[in-house]
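Residue numbers (the numbering used here), protein chains in the order written: chain A, 1 to 149; chain B, 1001 to 1126.
Beta carbons are placed, not taken as given, at the ideal position from N, Cα and C, and that holds for glycine.
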Amino acid sequence: MLTEGEIRTFIQGAVHYFEVSARQPVAVGSPYLVTDGVPSVHEYTGIIGISGKRKGAVCFTAPRSMLMVLLMRMNETDTSEDNMKDLIGEVANTISGNARRDFGREFVISVPTVVASDNGKFNSPVASRAFVIPLNWRTHSAKLIVCLE
Amino acid sequence: MNAVKPLKLMIVDDSNIIRRRIERSQQIDRLQVVGAAGNGREALELFRRTDPDVVTMDLTMPEMDGVECVEKLVALKPALLILVVSALADKATAVEAIARGANGFLCKPFTDRQLNDALAELLQDA
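Printed below as a string of structure tokens:
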């Protein structure tokens, strides 16, 4: 389970990522605990496995249309499928890595795993329920999903 | 008039977007990008082929991580200048990277200005 302060760490990570990389703010919706089933995901999901003192996963999931604009904001002209997958993994990696500022180095992060499927559900590697942090950027919606023991 | 000798830059990151971003954004006249690698093992191979003077190094990578790669590169070329560019934002990681031989640390995400400032600082003594 996550504390309020820990949720704030991930919100700050997402806000900081968009401020710096997209040079446009992201609007954060009210975080919620998934109490029934598992959270749905968008077309692309970057998953970071967490080990060490905490166990679980941090995921960033977004639609293709959002990633396309995000790449353009980063002055990246290559909007190929490979770069979409690269970007979704890099966002998840950056937000997870930045969380070590508060969690410390015992918050061990994996290299990203990327899933490209809009029919998917996020299946947590641990028994804890997932927290979803809704993110709205321009006209697009994405989610940061955090599930930690 | 003495021309300033160009310095060869190798970029190491498992993200193609970040590799391209660093190549595109770095504006230090003395630096010439000689290649990019996606993990530590590829970086060692590229190092042998290109003999770079400066390296930007990610830490979390498959095959061989950045800390191990820093150590191996410094053993091969002690004068190599290494800027770690990583999302790992805890102080202990930065301290360890420096202890293993890196010369600077830039946290992701970064602006173009932050990248160029970090590279300029790295090159002050070169």
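Residues sharing a beta bridge with residue i, DSSP
i	result
A/Val-132	A/Tyr-32 and A/Ile-145
B/Ile-1011	B/Ala-1036 and B/Thr-1056
A/Val-115	A/Thr-45
A/Ser-124	DSSP output for A/Ser-124 lists no bridge partner at all.
B/Leu-1031	B/Leu-1007
A/Ser-40	A/Lys-121
A/Ala-27	A/Asn-136
Residue i: first and last residue of the uninterrupted alpha helix (DSSP H) it sits in
i	result
A/Gly-5	4-17
B/Ser-1025	1016-1025
Boundaries of the beta strand (DSSP E) in which residue i is found, first to last residue
i	result
A/Val-58	56-62
A/Thr-45	44-52
Cβ neighbour criterion (16 or more within 10 Å) applied to residue i
i	result
A/Tyr-44	buried
B/Val-1095	exposed
A/Met-1	exposed
A/Tyr-17	buried
B/Gln-1026	buried
B/Lys-1005	exposed
A/Gly-13	buried
A/Ala-116	exposed
Best match in the options for proximity to residue i [C-alpha to C-alpha]
i	options	result
A/Thr-113	A/Ile-50, A/Leu-71 and A/Leu-2	A/Ile-50
A/Asp-86	A/Gln-24, A/Met-68, A/Cys-147 and A/Glu-4	A/Met-68
A/Ala-57	A/Ala-22, A/Gly-13, A/Arg-73 and A/Phe-131	A/Phe-131
A/Thr-139	A/Arg-54, A/Ser-40, A/Ala-62 and A/Val-38	A/Ala-62
A/Ala-142	A/Ile-133, A/Ala-116 and A/Gly-89	A/Ile-133
A/Asn-123	A/Ala-22, A/Thr-9, A/Val-28 and A/Pro-39	A/Pro-39
A/Leu-148	A/Glu-19, A/Ile-109, A/Ser-30 and A/Met-66	A/Ile-109
B/Arg-1019	B/Ala-1089, B/Val-1034 and B/Arg-1113	B/Val-1034
A/Ser-65	A/Gly-120, A/Ala-127, A/Leu-144 and A/Trp-137	A/Trp-137
B/Met-1061	B/Val-1012, B/Ile-1028 and B/Val-1074	B/Val-1012
B/Ala-1097	B/Glu-1068, B/Leu-1123 and B/Ile-1017	B/Glu-1068
B/Asp-1058	A/Val-111, A/Asn-83, A/Pro-25 and A/Val-15	A/Val-111
A/Glu-6	A/Ser-80, A/Phe-60 and A/Ala-99	A/Ala-99
A/Glu-90	B/Ala-1036, B/Arg-1048 and B/Asn-1016	B/Asn-1016
A/Met-72	A/Cys-59, A/Ala-22, A/Arg-8 and A/Gly-37	A/Ala-22
A/Ile-48	B/Leu-1083, B/Ile-1028, B/Leu-1044 and B/Ala-1087	B/Ala-1087
A/Arg-129	A/Phe-107, A/Ile-145 and A/Glu-106	A/Ile-145
Cβ of residue i within 8 Å of any chain E Cβ
i	result
A/Glu-90	No chain E is present in this structure, whose protein chains are A and B.
Just list the alpha helix (DSSP H) runs in the region 75-113 of chain A, keeping only unbroken ones of 4 residues or longer that don't cross its boundaries, in chain order. 81-98 and 100-103
In chain order, each alpha helix (DSSP H) run of at least 4 residues that lies wholly inside the region 1064-1116 of chain B: Entirely contained in the region 1064-1116 of chain B, the alpha helix (DSSP H) runs reaching 4 residues are, in chain order, 1066-1076 and 1091-1099.
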